[in-house]
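For reference, the structure discussed in these notes is given below.
There are 2 protein chains.
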Amino acid sequence: MRIGVDIGGTNLVAGLTDAQFQIVDKLSTPTLGKRAEKEIVDDIIRLILTLMEKHNLTEKDIESIGLGVPGWCNTDTGIILKCDNVNFRNTPIAKLLQAVVNVPVFLANDADCAALGEAYGGATKDVDHSIMVTIGTGVGGGIIIDKKIYNGFNHGGGEVGHMVIDMHGLPCVCGRRGCWEQYASATALIAQTKGAAKANPNSILYKSVGGDLEKINGKTVFDALAQGCPVAENVVDNFARYLACGIVNLISIFQPEMVVLGGGVSKAGAPLLSRVQAILDKECYGDVTSLPRAKFCVATLGNDAGVIGAAALGV
Amino acid sequence: MRIGVDIGGTNLVAGLTDAQFQIVDKLSTPTLGKRAEKEIVDDIIRLILTLMEKHNLTEKDIESIGLGVPGWCNTDTGIILKCDNVNFRNTPIAKLLQAVVNVPVFLANDADCAALGEAYGGATKDVDHSIMVTIGTGVGGGIIIDKKIYNGFNHGGGEVGHMVIDMHGLPCVCGRRGCWEQYASATALIAQTKGAAKANPNSILYKSVGGDLEKINGKTVFDALAQGCPVAENVVDNFARYLACGIVNLISIFQPEMVVLGGGVSKAGAPLLSRVQAILDKECYGDVTSLPRAKFCVATLGNDAGVIGAAALGV
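Protein sequence lines correspond, in order, to chains A and B. Going by the numbering used here, the first sequence wraps up at 315, each residue one higher than the last. Going by the numbering used here, the second sequence wraps up at 1315, each residue one higher than the last.
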């Protein structure tokens, strides 16, 4: 059995997985990320020990412990370099855990763990090469090659959200212009929806929030589309173009067997997915040679992907 | 020893390499790509046999034969799927060669071979992860991970030239808009140079070709820049921005140890390279964690990269 810990900005979640990477049991506690580093580490250790005790497991029963980190880490040395929302900085987390539980400890970025989780227990479990694109505050990426995370020589790769798709476009927090996540994140979709609602006060979209733009979330535009709103349709059409643009780029570069879409917006279902798929069908390069095509699908594990992927780090 | 064959649009070049991937000897013959498939295959076999006879080598002395193909191929089955300029279509080239020379035969796309050649005998020989970007008629790419070519599950990956960097930009032959090669290829540079010369008939640039825009090639703008032409400087500044935009994208995604630039334009030297490097220094994501940075350099093997990379396919 293996243990995976998803260190989230809100909760620490530790899960026990079986040989098929199914979650047997799961415990969680609030992260309270601004606490002293030691207190957070102690809580992670407590979750792990509680899982082991509860299931009568000793160190010998646990093949590996994996950690999904919301920031940068050195996967070779087991050190968390930096997190934005959790008080870890150059934290030798693997060593700290192993001082208490003598089991091999692995760590990786949380977006990478989610991609690996889907690759072991979810949408991409039957393929070796996949890319997971997670639509959230930003656009996260996890690249899986031969069932392993690929993140470059310095563990900083997979930043697909900062691929520029419109070099004269919107400024990004990273300092560049036109990064994919300025167009295809949930944040971007909400901004696009607000802009369209504001410009069209007679639309179903505008009326659906009673004219209060602050009520708009990532679902609003799809609800209005379902009611036949042409303004919402235009927003969704454009968002699908933005999303597909980056996905086609990744397919041209990687030709993975599958691209899997995660994050809340992926739950929009057919209205979004069918539009993206139509663009992929048209634009994915390579049809001249009747090469098999990368498949596009939606993540199936939800929040469990991070725990399962963390557990699979030791494979 | 190994043999690498670079199947070019103009020439077939076969090279014999030693254990350090240095070329010991090299023979070539015109490709005449429109000939019958069998005639081209026979010429490839003849080059290989001549190299072996000349150096008194038997099949046992040759560890592998590799072929660099100017088109798509299935590296698993040894079949050339399609070439644009050479009359191969679903050609079982490995089998045809092995019927005469019983040595393991490997094949790969020529841009991939060039990248592998640099990785074994050239600019990137000391690193495991590199990406080669070749500036020519288009923008070619070769992705090397753990000293092996990465080209995806269907052997069609590495098409970095068709990464969109300006989604509302110029139409591309592939059917998309704003592909990198529409901005950063030699073809694009020449078009940009012509446009600037035409718009500025008093410029050094315009006068350097005596007002005959058809005399403009990939070197013209750098020559005018060397003479202090501000119009040329503007063209080079913009071209460097286009080139750097795609390179930063690739670094954000892959974090390779090195990005190596090949093709004729890479010979422009410092005036181009220093501009690109300045943008990489500013825009490559990851400095928040003081991660080591991907290095940017120029290819060193020239046309030999393809032969050396083909020879290295069997490693």
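Note that the Cβ used here is the ideal one computed from N, Cα and C, for glycine as well.
B:MET1167 touches chain A at which residues, Cβ-Cβ below 7 Å? The sequence position of residue 1167 of chain B within the second sequence is 167, counting from 1. Those are ILE165, ASP166, CYS245, listed as they occur along chain A.
Taking the continuous alpha helix (DSSP H) assigned at B:LEU1225, which residues delimit it? Indexing the second sequence from 1 puts residue 1225 of chain B at position 225. That run of the alpha helix (DSSP H) goes 1220–1226.
Residues near B:SER1208 by beta carbon distance below 6 Å, same chain, minus five either side: Position 208 of the second sequence, counted from the first residue, corresponds to residue 1208 of chain B. So the list reads ALA1224, once near-sequence residues are dropped.
On the DSSP letters alone, give me the boundaries of the beta strand (DSSP E) that A:MET258 sits inside. The residue you call residue 258 of chain A lines up with position 258 of the first sequence. Here the beta strand (DSSP E) through A:MET258 covers 258–262.
Let me know the beta strand (DSSP E) ranges lying completely inside the stretch 1141–1172 of chain B, each 3 residues or longer, listed in chain order. 1148–1150
Reduced DSSP secondary structure (H/G/I, E/B, other) of A:CYS338: As shown, chain A starts at 1 and ends at 315. That puts residue 338 of chain A outside it, with no answer to give.
So, is the C-beta of B:PRO1389 closer than 9 Å to a C-beta in chain A? Examination of residue 1389 of chain B is not possible in this model, given that chain B is present from 1001 through 1315 alone.
Residues near A:VAL139 by beta carbon distance below 6 Å, same chain, minus five either side: Walking along the first sequence from the start, residue 139 of chain A turns up at place 139. Around A:VAL139: GLY161, TRP180, GLU181, ALA184, SER185.
Across which residues does DSSP place A:ILE3 in a beta bridge pair? On the first sequence, position 3 is the one that residue 3 of chain A refers to. DSSP lists A:LEU16, A:ILE65 as partners of A:ILE3.
C-alpha gap between B:PHE1296 and A:LYS198, whole angstroms: The residue you call residue 1296 of chain B lines up with position 296 of the second sequence. The residue you call residue 198 of chain A lines up with position 198 of the first sequence. Cα to Cα, B:PHE1296 sits roughly 46 Å from A:LYS198.
With 9 Å set as the bound, which would you pick, yes or no: does the beta-carbon of A:PHE153 sit closer than that to a beta-carbon of chain B? The residue given as residue 153 of chain A occupies position 153 in the first sequence. At least one chain B Cβ lies under 9 Å of A:PHE153.
So, does the CB of A:GLY157 fall closer than 9 Å to a CB anywhere in chain B? Along the first sequence, one-based indexing puts residue 157 of chain A at 157. At least one chain B Cβ lies under 9 Å of A:GLY157.
Any idea if A:LEU49 is buried or exposed, counting beta-carbon neighbours within 10 angstroms, 16 or more meaning buried? On the first sequence, position 49 is the one that residue 49 of chain A refers to. Counting Cβ neighbours within 10 Å, A:LEU49 comes out exposed, since fewer than 16 surround it.
For a cutoff of 9 Å on Cβ pairs, would you count A:ASP128 as touching chain B? To locate residue 128 of chain A, count along the first sequence from 1; it is residue 128. By this cut-off, A:ASP128 is an interface position.
Let me know the secondary structure DSSP gives A:VAL24 once reduced to three states. The residue given as residue 24 of chain A occupies position 24 in the first sequence. Strand, per DSSP.
Specify whether the stretch 1214–1231 of chain B and the stretch 1165–1178 of chain B touch according to this definition: at least 3 beta carbon pairs, one from each stretch, less than 8 Å apart. no
What does a CB cutoff of less than 8 Å around A:ILE79 pick up in its chain, not counting 5 residues either side in sequence? Your numbering for residue 79 of chain A matches position 79 in the first sequence. Counting only Cβ-Cβ distances below 8 Å, and skipping sequence neighbours, we find CYS73, ASN90, THR91, PRO92, ILE93, ALA94.
Identity of the residues DSSP links to A:ALA108 by a beta bridge: In the first sequence, residue 108 of chain A corresponds to position 108, counting from 1. Its beta-bridge partners are A:GLY68.
Suppose the cutoff is 6 Å on Cβ atoms and the five residues either side in sequence are ignored; what does the same chain contact list for A:ILE149 look like? Here residue 149 of chain A refers to the residue found at position 149 of the first sequence. For A:ILE149, where only same-chain residues beyond five positions count, the Cβ hits under 6 Å are ALA108, ASP112, LEU116.
When every heavy atom of the ligand ADP is checked, does at least one fall within less than 8 Å of the C-beta of A:LEU170? Looking at this structure, you won't find the ligand ADP or any other ligand, since it has none at all.
Run the CB neighbour count on A:GLN192, radius 10 Å, all protein chains shown included, and call it buried at 16 or more, exposed below. Taking the first residue of the first sequence as position 1, residue 192 of chain A is located at position 192. With 16 or more Cβ atoms within 10 Å of its Cβ, A:GLN192 is classed as buried.
Using a Cβ cut-off of 8 Å, pull out every chain A residue sitting near B:SER1252, in sequence order please. Reading the second sequence from its first residue, position 252 is the one you call residue 1252 of chain B. Correct list: GLY157, GLU159, VAL160, HIS162, MET163.
Under 9 Å between C-beta atoms, does A:ASN249 make it to chain B? As a first step, residue 249 of chain A must be located in the first sequence, where it is residue number 249. It does: the Cβ of A:ASN249 has a partner Cβ on chain B nearer than 9 Å.
Bounding residues of the alpha helix (DSSP H) (the contiguous stretch that carries A:VAL276): Translated into positions along the first sequence, residue 276 of chain A becomes position 276. That run of the alpha helix (DSSP H) goes 270–283.
Quick check: the Cα distance between B:ASP1084 and B:ALA1278, rounded to an integer number of angstroms? The count along the second sequence starts at 1 and reaches residue 1084 of chain B at position 84. The count along the second sequence starts at 1 and reaches residue 1278 of chain B at position 278. If I take the Cα positions, the gap works out to 37 Å.
CB contact below 9 Å: A:ILE143 versus chain B: Counted from its first residue, the first sequence places residue 143 of chain A at position 143. Yes, because at least one Cβ of chain B sits closer than 9 Å to the Cβ of A:ILE143.
Listed from N- to C-terminal order along the chain, which residues in the stretch 1073–1100 of chain B have their beta-carbon within a distance smaller than 7 Å of any beta-carbon of chain A? LEU1081, LYS1082
On the DSSP bridge list, what partners appear for A:CYS353? Outside the displayed range of chain A (1 to 315) lies residue 353 of chain A, so it cannot be described from this structure.
Does the beta carbon of B:CYS1113 come closer than 9 Å to any beta carbon on chain A? Reading the second sequence from its first residue, position 113 is the one you call residue 1113 of chain B. Cβ-Cβ to chain A under 9 Å: no for B:CYS1113.
Between the alpha carbons of B:HIS1178 and B:CYS1172, how many angstroms are there, rounded? As a first step, residue 1178 of chain B must be located in the second sequence, where it is residue number 178. As a first step, residue 1172 of chain B must be located in the second sequence, where it is residue number 172. Sequence check: residue 1178 of chain B is Gly here, not His. Taking the straight line from one Cα to the other gives about 7 Å.
By the 10 Å Cβ neighbour count, where 16 or more other Cβ atoms means buried, how is B:ASP1018 classified, buried or exposed? Translated into positions along the second sequence, residue 1018 of chain B becomes position 18. Under this definition B:ASP1018 is an exposed residue.
Would you check if the distance between the CB atom of B:ALA1244 and the CB atom of A:PHE153 is smaller than 9 Å? As a first step, residue 1244 of chain B is located in the second sequence; it is residue number 244 there, counting from the start. As a first step, residue 153 of chain A is located in the first sequence; it is residue number 153 there, counting from the start. No.
Anything in chain A within Cβ reach of B:GLN1255, meaning under 9 Å, just list it in chain order. Stepping through the second sequence from its first residue, residue 1255 of chain B is reached at position 255. Chain A residues near B:GLN1255: ASN151, GLY152, PHE153, ASN154, HIS155, GLY156, GLY157, GLY158, GLU159.
Option nearest A:LEU97 by Cα separation, candidates A:GLY121, A:GLY4, A:ASN202, A:LEU27: As a first step, residue 97 of chain A must be located in the first sequence, where it is residue number 97. When each option's Cα is compared against that of A:LEU97, the closest is A:GLY4.
For a contact meaning CB atoms closer than 8 Å, what does A:LYS282 contact in chain B? To locate residue 282 of chain A, count along the first sequence from 1; it is residue 282. Going along chain B in sequence order, the residues near A:LYS282 (Cβ under 8 Å) are GLY1175.
The stretch 251–265 of chain A in contact with the stretch 128–146 of chain A per 3-pair CB rule at 8 Å: yes
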